[in-house]
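Last residue of the sequence shown? That's 1500 in the working numbering, and every number before it is there in order.
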Amino acid sequence: MSPDDTRPDPDALLAQVQREEHAERTGRLYLFLGMCPGVGKTYAMLEAARQRQKEGLNVLVGIVETHGRHETAALLQGLPILPKQKLEHRGHTLEEFDLDAALKQRPDLLLVDELAHTNAPGSRHAKRYQDVLELLDAGIDVCTTLNVQHIESQVDTVRQISGINIQETVPDSILDRAQEIQLIDLSVEKLLQRLAEGKVYMGERAEWASSNFFQKGNLTALRELALRFTAEQVDRSLEDIRRQRRVTSPWKTHARLMVGIGPSPYAESLIRWTRRAANRLGCPWVVSWIETSRKLSPAEQERLTRALGLARRLGAEIVSATGENISEALLRIARERNVTQIVVGKPERLSILRQSLADKLIAGSGDIDVCVVRPFAPGPSPASESALSDDKRRIPVAEYAWAGAITAAMGALSWMALPLTGYVFSALLFLLAIVIASLRLSRGPVLFMAGLCALLWDYFFIPPRFTFHIEQPHDLLMFVMFFIVALSMGHLTSRLRQREEAERRRLRQTSALLRVTQSAALTVETQAGLKAALNTIDELLGAQTALIVRELDHTLPHTAHAASSFTPTEKEWGVIAWSYENRQPAGRFTATLPESGATWFPLQTATSMMGVLGLALPERASLDFTARQTVEAFALQLALVLEKEHFIQAASHAEVLERSEKLRRTLLDSVSHELKTPLAVMHAALEGLNQPSNPYVREMSTATGRLQRVVDHLLHITRIESSVVEPRRDWCEVSEVLDDAKSSVSDVLTGHPVKISTPEDLPLIHADSILLSQALSNILHNAAIYTPTRTAIEIDARIRESVLRITVRDHGPGLPGGAEVKVFEKFYRAPGSPAGGTGLGLAIARGLMRAQGGDLTAHNHPDGGAVFIMELPVSTQSHSQALEPTLPA
């Protein structure tokens, strides 16, 4: 084995790092999976939640359905429950999970039952799993439950087992985000016993379930399905562990599956089959479709869009290409994407005269495996041979009528010219008519016209006339050649026209994209360029557009850009905000707030969000996959242009700020040094008077001390911003650091009982005790002046995993809403702050912590008061090790 074979795959390492970074930013999903209702998923979730609550986590019940089960309801006792949101729909009041309230409370762990649930009309999202995704993106851990029949890739299998169409499904990509999947297993006999005892369903519903879904054969098959699915997830987790530990595999390549789809009812079934196969193999998978020159009907376009949407939800890579030879195009994509196995549908009918798509792929695949599967399509089976074959289309009656009329007109003209030209010239006139008709009519009418022309020429022009009998051999041969040439010319001319139309559509889209790029990027005036770009989009798609550009502080304005061709309604602004915050399309033609009047696309680059682009199509229009790709390409170009403009403005703004900041630092440094010496002399003179009872001397001493502290703060902040603070680390006692900090601000701590809590076995730490003490004293000083007298201040110090964590909690009014980060800004003072002070204390404390490689954060305590947390990575040493003598070498 060569050294290169043992080196880790850089792409795999990069993907792993990206997954870990994404996992750190988002919440964790804990899934309780079962084969069907009644196995105890919710019960197990509540038991786990109660255990996490005992461990000190803030657990909140978002929504849990007990279904009248007393054991489940008993476990809810003692757990805080989020009130449900009430929605009015057609005169009825519906209760749903309150997503906004959950996001506002931000618990450590949120319980959301029934992941596959469909939300009531008027909810932000159509599905509950979309609520869970938003919670995870907000950094909230979620516990949820799911039955195996609701997993999108298992729908066809469950339908074949039970004969029941599953309406509520969850994309497999959601399960890929699960931190932990726990299978709640129960034997079929025990489940049937629970059903009979009324612990699953009650009354008539239980009787219906026992005679339909809850049959022993169905339950056994579903149990096996759940076990297999969980085993596949375990295998994938094992592969993740191997990648994390960089375990070298004996295989040099990985499997990659590709499924070819088209506008057929079989497409979704093929996609689900491929997803299951890729999940079992633990490999990536690709969904490809080939755009030919044939124009799709609205029904075909809708099926294709729905299938590609399913592929996107299931986590597939979607690849599209153009070409007339579907098999060659699929093989070209397969080789470009390093595909090891191509999946296609099994032909329903075999033809001796025509090769199926599967046969063509097998003949040209070479070393690529071809897997031919029999897909499942709901409803009546269409007359199609695979997922890429055509279904029955509406007959263009008008075109057939035109074909007949043109043929009749050309026949009349040929009949009148027959005495002058002869019957051979009539054949040329008929061929001319076929070529002309091919430029306007579709393939079917053209082929019909070719056959009709051949019959008319035979009956009316070839001797003997008015009969289909041909006497002369050369006339018969000429008739056969005419028929073949007519069909060939009609077919080829029609294909050429369709290909020309397809190329014209692609050229139009490409030209529009180029115009958008040129208008937005190459125009000197950005506003005029954006106006021209939006006008181009309007003309291409026949729609109206609205552009929402974010401000410099990354917030959205409540007004559309001046270049917009329509103004969003008040209802639309909620959709706009959601699309911007979640970086996903929303509104019409999407699964998020589909009742909106427009579709909103995020203007997203690789590094930032620049705004939102809105597209308002006419009422009966549709947004197919190709049009959606075009709009997304427009959105990307606009985002890049806006990002460039933002960078230019930010650079100019930063240059001005840097100059003013440099001037400010120079001024503060000069003033501080000039004030320090006179203040020291004044303080010494006041102490020399030795008249503490004199109120004037006492007042002057207090004012001098406060002014001295202001000067010290200015000097500290100047040193921190100049990066001249260098930690001088040495072994020190944490308790001594705490005592020193408390003593340094003992004058302001008068009237505030300070409680210090540290473990008895707290080791020595290797750190700069002076900087630590200064940072802590600033926090204590801040707590003392912002809280009422006689309120306690609690200090807790602990070391976990080589990180020193000092927590300071006061019992005052707490931090103002949204000020958890602002309190560390320079010169920030909360509303209602007492007179005096500079607003630099906490900024200095954070600067001192960061100078040592640590950090300082703040938040409000649930029971009131503010909490400041100092964290610093440290080396530790026990006291016994510190006392051991150092032996000479």
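We treat Cβ as the ideally placed atom computed from N, Cα and C, and that holds for glycine.
Extent of the continuous beta strand (DSSP E) to which residue i belongs
| i | result |
| --- | --- |
| L644 | 640-645 |
| Q1215 | 1210-1215 |
| D1466 | 1466-1471 |
| V811 | Looking at the DSSP string, V811 is not in any beta strand (DSSP E), and its letter there is neither H nor E. |
| P1484 | 1477-1484 |
| T1400 | No beta strand (DSSP E) contains T1400, which DSSP labels as neither H nor E. |
| S1368 | 1365-1368 |
| Q793 | 789-794 |
| R1416 | 1414-1421 |
CA-to-CA distance, residue j to residue i, given in whole angstroms
| i | j | result |
| --- | --- | --- |
| I674 | E1183 | 27 Å |
| P614 | T1170 | Confidence at P614 is low in this model, with a pLDDT of 40, below 50, so its placement is unreliable and the value that follows should be read with caution. Spanning the two alpha carbons is a distance of roughly 60 Å. |
| P648 | A837 | 13 Å |
| L1050 | T1104 | 7 Å |
| D767 | C754 | 27 Å |
| P1484 | R770 | 56 Å |
| E1482 | L1467 | 6 Å |
| S1388 | L1382 | 10 Å |
| R1199 | P1205 | 4 Å |
| I1367 | T1361 | 16 Å |
| E1436 | L746 | 29 Å |
| E593 | W1342 | Any answer about residue 593 is impossible in this case: the structure gives the chain only from 612 up to 1500. |
| S1380 | T1398 | 27 Å |
| I882 | S773 | 21 Å |
| V1365 | P1289 | 35 Å |
| Q1138 | A1250 | 14 Å |
| F1041 | H1172 | 59 Å |
| T885 | H761 | 17 Å |
| V759 | N776 | 14 Å |
| E1082 | P1075 | 7 Å |
| A878 | I872 | 5 Å |
| E1519 | P691 | Nothing can be reported for residue 1519: it is not among the residues displayed for the chain, which extend from 612 to 1500. |
| R680 | L802 | 15 Å |
| R923 | T780 | 14 Å |
| A1296 | A1262 | 50 Å |
Residue i classed as buried or exposed, judged by whether at least 16 other C-beta atoms fall within 10 angstroms
| i | result |
| --- | --- |
| S995 | Because S995 carries a pLDDT of 40, less than 50, the predicted location of this residue cannot be relied on, and no value is offered for it. |
| A1014 | buried |
| F825 | buried |
| W1026 | exposed |
| S1207 | buried |
| I1017 | buried |
| K652 | buried |
| Q688 | exposed |
| K738 | buried |
| Q1488 | exposed |
Minimum C-alpha distance to residue i - residue among the options
| i | options | result |
| --- | --- | --- |
| V955 | T1468, V897, E1181, Q760 | V897 |
| T756 | S764, D748, V743 | V743 |
| I929 | I1390, N936, T916, S938 | T916 |
| V1096 | P1056, V1046, I692, Q1138 | V1046 |
| D980 | T1237, S931, A866 | A866 |
| L1247 | D978, S1486, Q1195, Q1385 | Q1195 |
| L972 | F987, E959, E947, L942 | L942 |
| L1373 | V1414, T1400, Q790, K906 | V1414 |
| P1007 | V1057, E879, E959 | V1057 |
| I751 | T677, S1354, H736, A789 | A789 |
| V1160 | E1254, A1469, E791 | E1254 |
| N890 | F840, D1407, I795 | F840 |
| A888 | Q952, D719, D1086, L671 | Q952 |
| Q1155 | L1228, G1222, V1186 | L1228 |
| A749 | N1146, D711, E1269 | D711 |
| T1400 | I1390, G1423, I1417 | G1423 |
Where the alpha helix (DSSP H) containing residue i begins and where it ends
| i | result |
| --- | --- |
| R717 | Element bounds for R717: n/a, residue is neither H nor E. |
| L1226 | First-last for L1226: 1220-1227, but that is the beta strand (DSSP E), not the alpha helix (DSSP H). |
| T1558 | Any answer about residue 1558 is impossible in this case: the structure gives the chain only from 612 up to 1500. |
| P733 | At residue 733 the sequence reads Gly, which differs from the Pro that was named. Run containing G733: none; DSSP gives neither H nor E here. |
| D1474 | No alpha helix (DSSP H) contains D1474, which DSSP labels as neither H nor E. |
- Task: Scan the segment 669-699 and note each continuous beta strand (DSSP E) run of 3 residues or more that stays entirely inside, going in chain order.
- Result: 670-674
- Task: Run through the segment 1022-1056 for me and flag every whole alpha helix (DSSP H) of 4 or more residues, listed as ranges in chain order.
- Result: 1034-1049
- Task: Give, in chain order, every unbroken run of the alpha helix (DSSP H) that is at least 4 residues long and sits entirely within the segment 852-928.
- Result: 878-892, 909-924
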